[in-house]
Amino acid sequence: MNRLENLDFCIGCLMRQNGVEADVPTTLEAKQRLLRALMNVWQPQPLSDEFLQAQDTELQAQLQDKGVVTLESIATKGSTPHLWQGDITRLRVDAIVNAANSVGLGCWHPLHACIDNCIHSAAGLKLRLECSHVLDGARIATGNAIITPAYNLPARYVIHTVGPVIPDGNPTKEQQKQLADCYRNCLGLAEASGCRSIAFCCISTGEFRFPNRRAAEIAVETVENYEPNDKNFTVVFNVFKDIDYDIYRELLSKG
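The sequence shown begins at 484 in my numbering and counts up by one.
Here's what the structure looks like:
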């Protein structure tokens, strides 16, 4: 099969599993969007080897189109933690951190732009299936984390953590502690799993409405106070928005 035919096969499989009927578009980009939307609403269930092979072929092609970013290419000599602005699903580090919801199975809103959706969409459906097996109906408590393989991502692992939700944008002391717990628990889980590098997203900002600057202050303070067993353990703060890049650059320059 060529790439378009492979996408049609994946779309057809998920339409049947999801009980969905829709016209399949003709262009590569439109087919990719439809596949992602179907992945986003997929309920965990057995997947055929044929589907998984076809899915992995497409997601690896998408990764090649985006390009992999290595730790060596962003690390600045004598500067740690490191700061990098871009798509976290491109990073080749031992673990990337996903800002998950408490259900822990990824974002269910088709084509949503949140990092949870982006990570699950790039990793593939085995990530949702793995999270379902690990949690077995339980939820991830605020401040806690679980670790899974990263599947089609260039990272080895994904660490899923749930930060506090701040409806009014004014976090309490307890919620600030919960955010710090997210960073500490991710660091500990990464080291316990043999990781030597980790990339953090901006946990709890965006949809969860934790103020960007205070969230960054907690992140930097917690990471800088953490004492890894491996002195070469490397931390990357991954940001996507310019406002977060400016905040982290200012905070890290004071270290």
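Positions of the beta carbon are idealized from the N, C-alpha and C atoms, including for glycine.
Closest in C-alpha terms to I681, from the list S687, D491, V576, Q543, comes V576.
Under a 10 Å Cβ-count criterion, R499 is classified as exposed, with fewer than 16 other Cβ atoms of the shown protein chains found around its own Cβ. A straight-line Cα-Cα distance of about 6 Å links H592 and N523. Contact annotation: G646 and S687 have beta-carbon atoms nearer than 8 Å. Taking C-beta atoms as the reference points, L542 and G607 count as a pair closer than 8 Å. Within the same chain, and ignoring the five residues on either side of P654 in sequence, the residues whose Cβ sits closer than 8 Å to its Cβ are P647, L662, F693, P694, R697. Note that the segment 670-679 does not touch the segment 611-622; fewer than 3 beta-carbon pairs, one per stretch, sit closer than 8 Å. Only residues of its own chain outside the window of five on either side were considered, and among them R573 have a CB closer than 7 Å to the CB of G550, listed in chain order. The beta carbon of N600 sits closer than 8 Å to those of N523, G589, C590, H592, L594, all from its chain and outside the five residues before and after it, given in chain order.
Rounded to the nearest angstrom, the gap between the Cα atoms of A596 and R519 is 12 Å.
Nearest to R732 by C-alpha distance, out of V703, P711, N708, is V703.
Relative to the Cα of A628, the nearest Cα in the group G652, N635, N668 belongs to N668.
Beta bridge pairing from DSSP links W567 with N721. The Cβ atoms of L618 and I579 do not sit closer than 8 Å to each other.
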